[in-house]
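Remarks on the structure that follows.
Protein chains: 2
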Amino acid sequence: MNIGEAAAASGISAKMLRYYERIGLIGPAQRTESGYRVYGDDDVHTLRFVRRARGLGFSIEETAGLLALWRDKTRASADVKAMALRHMRELEAKITELEAMHRTLKHLAGHCHGDKRPDCPILDDIAGLRLKADA
Amino acid sequence: MNIGEAAAASGISAKMLRYYERIGLIGPAQRTESGYRVYGDDDVHTLRFVRRARGLGFSIEETAGLLALWRDKTRASADVKAMALRHMRELEAKITELEAMHRTLKHLAGHCHGDKRPDCPILDDIAGLRLKADA
DNA sequence: CATAATTCCTCTAGTAACTACAGGTTCAAG
DNA sequence: CTTGAACCTGTAGTTACTAGAGGAATTATG
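Now the structure itself:
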């Protein structure tokens with residue numbers, strides 16, 4: 001199958017397939033005489049793996065590591081689990097950070113009239129004039 | 001005060017101050033005869049505003065908008081509130097996405113021995129072999 | 001079978017928001 | 001007066017894509 005079909009089958013766009021190949025995340029595809037890339041079912045399988053790993057938030061580098069582990073039939077599951085746990089910690093940290101932002105914003109927005117008047121606790125707070133902590 | 005002092009006073013590094021100036025987020029600083037940037041207390045006030053807005057997750061472009069609103073004493077608080085609410089929705093979407101990743105990973109990691117054995121439900125799942133949904 | 005439309009190819013450059021040099025001034029202290 | 005810290009500019013690298021130019025190959029239609 002050619003790149004367009006592989007893209008449809010894997011859920012990764014043709015442009016991204018070329019990109020992933022260029023940066024070495026996936027190996028160079030077979031080529032027809034005229035230079036068109038050709039993919040097999042096993043390639044699509046790999047591509048789906050990549051897509052899923054990326055969908056779980058693993059970076060390209062981590063995805064490459066996961067791919068290597070996947071191919072290494074003698075790997076220790078501990079290595080995979082360690083990667084997963086590390087990534088989970090990163091996700092937790094990010095979530096905590098975003099939640100803190102959200103909480104602050106919610107508090108501020110709750111005190112802002114949101115009408116034509118110019119006075120606005122949101123701007124006041126960002127500018128350094130802290131809102132009193134109340135209900 | 002020079003750039004190093006302004007950096008210390010605002011919490012934005014000297015490099016980032018130059019960067020912010022270059023991209024136009026903050027106006028060009030005054031200069032000494034020899035070309036050193038000079039900042040005043042009001043500049044530091046602005047810088048702190050920027051830092052706080054960025055800390056709440058607003059993009060540079062949004063921060064520029066917030067800055068304009070802050071300076072416009074005739075703004076409507078509704079405009080500020082709208083920005084805050086829109087950003088909150090983005091944060092919520094991101095948090096939801098990260099939580100879904102985390103949930104999946106937690107489920108998978110919970111089923112992985114994490115020892116020397118190679119069999120690993122995490123890789124199996126990423127590869128497309130779905131784990132049965134159980135407790 | 002000719003032509004038109006589509007798909008493919010490569011390569012460059014742009015995005016966000018920084019960070020890291022390199023190579024050079026200027027300033028403050030000893 | 002010389003060292004060393006802090007300043008200056010400008011370029012390039014980072015992550016993970018996305019968009020577009022310009023051109024070749026393939027597929028569909030008349």
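Chains as they are written, first to last, in the UniProt record's numbering: chain A, 1 to 135; chain B, 1 to 135. Glycine included, each C-beta is placed from N, C-alpha and C at the ideal position.
If you measure from the beta carbon of residue i to each beta carbon in chain A, is any gap under 8 angstroms?
i: GLY40 (chain B); result: no
i: HIS113 (chain B); result: yes
i: GLY57 (chain B); result: yes
i: GLU92 (chain B); result: yes
i: HIS87 (chain B); result: yes
i: LEU66 (chain B); result: yes
i: LEU69 (chain B); result: yes
i: LEU129 (chain B); result: no
i: ALA84 (chain B); result: yes
i: ALA9 (chain B); result: no
i: ILE12 (chain B); result: no
On the CB-based measure, 16 or more other CB atoms within 10 Å of its CB, does residue i come out buried or exposed?
i: LYS81 (chain B); result: buried
i: ALA68 (chain B); result: exposed
i: THR104 (chain A); result: buried
i: LEU129 (chain A); result: exposed
i: ARG54 (chain B); result: buried
Any idea which residues DSSP pairs residue i with across the strands?
i: ARG37 (chain B); result: B:ARG31
Starting from residue i and walking both ways along the alpha helix (DSSP H), at which residues does that stretch end?
i: ARG94 (chain B); result: Looking at the sequence shown, residue 94 (chain B) is not Arg but Lys. Its alpha helix (DSSP H) spans residues 77-110.
i: ALA127 (chain A); result: First-last for ALA127 (chain A): undefined, no H or E at that position.
i: LYS15 (chain A); result: 14-22
Which of the three DSSP states is assigned to residue i in this structure?
i: GLY4 (chain A); result: helix
i: LYS73 (chain B); result: coil
i: ASP42 (chain A); result: helix
i: SER59 (chain B); result: coil
i: PRO121 (chain B); result: helix
i: LEU25 (chain A); result: coil
Should residue i be flagged as near chain B, meaning a C-beta pair shorter than 8 angstroms?
i: LEU98 (chain A); result: yes
i: ALA102 (chain A); result: Going by the sequence as given, residue 102 (chain A) is His instead of Ala. By this cut-off, HIS102 (chain A) is an interface position.
i: ALA78 (chain A); result: yes
i: ASP43 (chain A); result: no
i: THR74 (chain A); result: yes
i: PRO118 (chain A); result: yes
i: ARG48 (chain A); result: yes
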